[in-house]
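Asker: Sharing a structure with you now.
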Amino acid sequence: MAKPTYQDATLMLQIAQWGAASGANEAANWIWSDQFIPDYAGFIEKYPPGSDGFAKVSRVCGWYETIGTLYKQGLINEELLFDWLAVYLVWDRVKGIALGQRAQLGEPRIYENFEALAEAQRG
């Protein structure tokens, strides 16, 4: 991919600002806490839909899903993105929840771009 441009940097900063404004950064910190349960069954038991914990994981997954969609469509510079975020580490932390939601709802597209982005970064 081409060397990042000022336009790429501007998009990155806009995404970062959106993450901060939406609470995705705070939610991302929470998923690394002792309160987070990476097992889907245990997580849903403690944090059912509508709970604050469920909302935090949804916020993180939604933020990364959006970035993954931009990446999939070639709208964000890969070199800059992978230098900025350790996507695969976050995916590995929340994948039990994301894949559990996918299975429970029977919808294979749930967080598919987040997962694909993590796999692309892992290489």
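Just so you know, our numbering puts the end of the sequence shown at 316, numbered straight through with nothing missing.
No residue lacks a Cβ here, since even glycine has one placed at the ideal position from N, Cα and C.
The structure presented is a predicted model; accordingly, all values stated were derived computationally and were not measured.
From what residue to what residue does the alpha helix (DSSP H) around D201 run?
Answerer: One-based indexing of the sequence shown puts residue 201 at position 8. Unbroken alpha helix (DSSP H) run through D201: Y199 to S215.
Asker: Below 6 Å CB to CB, which residues in the same chain sit around Q294 once its five sequence neighbours on both sides are set aside?
Answerer: Here residue 294 refers to the residue found at position 101 when the sequence shown is read from its first residue. Cβ neighbours of Q294 beyond the five flanking positions: I303.
Asker: Between the alpha carbons of Y199 and E219, how many angstroms are there, rounded?
Answerer: Walking along the sequence shown from the start, residue 199 turns up at place 6. Walking along the sequence shown from the start, residue 219 turns up at place 26. In a straight line, the C-alpha of Y199 is about 27 Å away from that of E219.
Asker: Give the straight-line distance between the Cα atoms of K239 and V253, rounded to the nearest whole angstrom.
Answerer: If you number the sequence shown from 1, residue 239 lands on position 46. If you number the sequence shown from 1, residue 253 lands on position 60. C-alpha separation (whole angstroms): 18 Å.
Asker: Starting from Q266, trace the alpha helix (DSSP H) both ways and give me its first and last residue.
Answerer: To locate residue 266, count along the sequence shown from 1; it is residue 73. First-last for Q266: undefined, no H or E at that position.
Asker: What span of residues does the alpha helix (DSSP H) with L310 cover, start to end?
Answerer: Numbered from 1 along the sequence shown, position 117 holds the residue referred to as residue 310. Where L310 is concerned, the enclosing alpha helix (DSSP H) stretches over E305 to R315.
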